[in-house]
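**Q** Listed in order, the protein sequences are those of chains A and G. Residue 211 in my numbering sits at position 211 of the first sequence, with consecutive numbering throughout. Residue 276 in my numbering sits at position 57 of the second sequence, with consecutive numbering throughout. All residues carry an ideal CB built from backbone N, CA and C; glycine is no exception. Given the structure is predicted, the values throughout are model-derived calculations rather than measurements.
Number of protein chains: 2
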Amino acid sequence: MSRYARKVSSTPTFKRLPRAVREQQMLDAAVRVFSRRGFHAASMDEIAEAAGISKPMVYAYLGTKEELFVACLHREGTRMTEAIAGAAAPDLDADERLWRGLRAFFGFVGAHRDGWAVLYRQARGSQPFAGELAAMRARLVEVVAGMLDHALRARGREVSGTDLEVVAYALVGASESLADWLADHPGADPEKTATRMMNVAWLGADQLLGGSTWRPPQQ
Amino acid sequence: MSRYARKVSSTPTFKRLPRAVREQQMLDAAVRVFSRRGFHAASMDEIAEAAGISKPMVYAYLGTKEELFVACLHREGTRMTEAIAGAAAPDLDADERLWRGLRAFFGFVGAHRDGWAVLYRQARGSQPFAGELAAMRARLVEVVAGMLDHALRARGREVSGTDLEVVAYALVGASESLADWLADHPGADPEKTATRMMNVAWLGADQLLGGSTWRPPQQ
DNA sequence: GCGTAACCCTACGCATGAGTAGGTATGCTC
DNA sequence: GAGCATACCTACTCATGCGTAGGGTTACGC
């Protein structure tokens, strides 16, 4: 007799699907579960159940828990960077480029809140992935710093690399923070959020690029 | 015969210390371990060992793992808010107040990198504490928003509450991001980092407060 | 129409780590 | 200097959850 309690009645309850499809379903489920529970608190059983499949299938297709998480990170990260890269036409004013980048970024977060949560809230902290994430973030910071540098040279000014890097860090951090705010306010409009970020970033950056500097008071 | 393998030789290897002292040692160890491993990956055994004490003592004094983590959060959070509050004289120009707050903040992070890591990198994500943290962050955002509002009224202008909140969010996020950068660069100077943040924040805020607004291109 | 590869399952082994039981030593009070 | 509260320990129990063994069943090529 069959060991499949559910299949006694000869009609299989579960559809057989090609690997590529199942893998995406699993990744979808994993992103959802990881985003809510966090890496450690998420269990493979729950992910499997959310994907409508049994645990060994997950292992067979995506490997161990860590590998699965990295796969999630990878997919969501790629989606995000592509969304941003696709929007950024290289030869435009810094102003315009920044605006398009921000719009794409907030658009992505608005549309993939779970993905954002995994990328930003979960991967931090858990050692094995900190590197993976830090690298992505570093690339982003570099892009922003490069943009600032470009705009700066166009105005005939020059600033140390560290200074640029730090300002870029601040801008990226501010964006991430607003993205978080956006992710927590389902009613909020990504476009409007991007405009707000642009206000903070650009009006500040414009001053900085123009040569203004704030100095601490005499003390 | 004694069950204490180590104490056979009549001289106790471990000093007996009053509860208050041991509790601080335990919290120190816990913050250290939590900051490196994250909440889930940290084990009570490792924390106990790092504190130079046995596990049951930790349970006796600080309770379960969650309670211990909350205690860490609480101590470090209090230290931080007090450091900032202590620096912020209420009746000063927004300019000056922001500067002092930032300086205190980055000073704290530079001096308590582990505490910062627990507060910022670990508490996010792990559901039980997200609330705890979000509340602290919300208070901070509110303070910044209040400051902006104050400065704004002084210039005879007015802006919607949400707008202020969002700008405040961006500023707080930028600061956190720079704090992270600082925590990862042991050689970096907190004072200088605060100055950099002030440059980004204030030159931008000054423009905003003056009524400048960036608007998306025609499209 | 038949073999074989691709899908899919139930049910377990086993390590890790939270929390506890139960007992020992030592300072402090009277 | 007896008693008691406090500080402290070793050695367990037990749940959780990762990863796998060992198999069934269906589609697809030939």
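Would E377 of chain G be called buried (16 or more neighbouring beta carbons within 10 Å of its own) or exposed?
**A** exposed
**Q** Tell me the residue span of the alpha helix (DSSP H) that contains V337 of chain G.
**A** First-last for V337 of chain G: undefined, no H or E at that position.
**Q** For V227 of chain G, which three-state DSSP category applies?
**A** Only weak support is given to the placement of V227 of chain G: the predicted model assigns it a pLDDT of 40, under 50, and the question is left unresolved by the model.
**Q** If you reduce the DSSP assignment to three classes, tell me which class A342 of chain G lands in.
**A** In the displayed model, A342 of chain G falls within coil according to three-state DSSP, outside both helix and strand.
**Q** At least one CB of chain G closer than 8 Å to the CB of T213 of chain A: is that the case?
**A** yes
**Q** Does W400 of chain G come within less than 8 Å of chain A when only Cβ atoms are used?
**A** yes
**Q** Rounded to whole angstroms, what is the Cα-Cα separation between A421 of chain G and F253 of chain G?
**A** Inspection of the sequence shows that residue 421 of chain G is occupied by Trp rather than by Ala. If you take the alpha carbons of W421 of chain G and F253 of chain G, they lie about 34 Å apart.
**Q** Assuming V109 of chain A and W116 of chain A are in contact, meaning their beta carbons sit under 8 Å apart, how far apart are those beta carbons, in whole angstroms?
**A** Indeed they touch by this definition, with Cβ atoms about 5 Å apart.
**Q** Which bits of chain A does W318 of chain G rub up against, with CB to CB less than 8 Å?
**A** P216 and P217
**Q** Within 10 angstroms of the Cβ of A20 of chain A, are there 16 or more other Cβ atoms? Answer buried if so, exposed if not.
**A** exposed
**Q** I'd like to know whether the C-beta of V385 of chain G is nearer than 8 Å to at least one C-beta of chain A.
**A** yes
**Q** Suppose you measure from the CA of T414 of chain G to the CA of P216 of chain A; what does that come to, to the nearest Å?
**A** 7 Å
**Q** Using a Cβ-Cβ distance under 8 Å, would V419 of chain G count as near chain A?
**A** yes
**Q** Is M417 of chain G near the ligand GDP, in the sense that its beta carbon is under 7 Å from a heavy atom of that ligand?
**A** The ligand content of the structure shown is nil, which means the ligand GDP is not present either.
**Q** Could you check the C-alpha separation between G271 of chain G and D403 of chain G for me, to the nearest Å?
**A** 27 Å
**Q** G86 of chain A and Q426 of chain G: beta carbons closer than 8 Å?
**A** no
**Q** Are the C-beta atoms of H112 of chain A and some chain G residue less than 8 Å apart?
**A** H112 of chain A has a beta carbon lying at 8 Å or more from every beta carbon in chain G.
**Q** Going by beta-carbon coordinates alone, are A370 of chain G and A313 of chain G separated by less than 8 Å?
**A** In this structure, A313 of chain G lies closer than 8 Å to A370 of chain G by Cβ.
**Q** Alpha carbons only, please: which of G:R255, G:V277, G:A261 and G:A330 is nearest the one belonging to G406 of chain G?
**A** G:A330
**Q** Taking L352 of chain G as the reference, give the member of G:E315, G:M366 and G:E295 with the closest Cα.
**A** G:E295
**Q** Pop quiz: D333 of chain G and R241 of chain G are said to be a contact at Cβ under 8 Å. What is the actual Cβ separation, rounded to whole angstroms?
**A** That belief does not hold up - the Cβ atoms of D333 of chain G and R241 of chain G are roughly 19 Å apart, past 8 Å.
**Q** Could you check whether L27 of chain A and A71 of chain A sit closer than 8 Å to each other, using their CB atoms as the reference points?
**A** For A71 of chain A and L27 of chain A, yes; Cβs fall inside 8 Å.
**Q** Compute the beta-carbon to beta-carbon distance between V200 of chain A and A174 of chain A, rounded to the nearest angstrom, for a pair I have assumed lies under 8 Å.
**A** 6 Å
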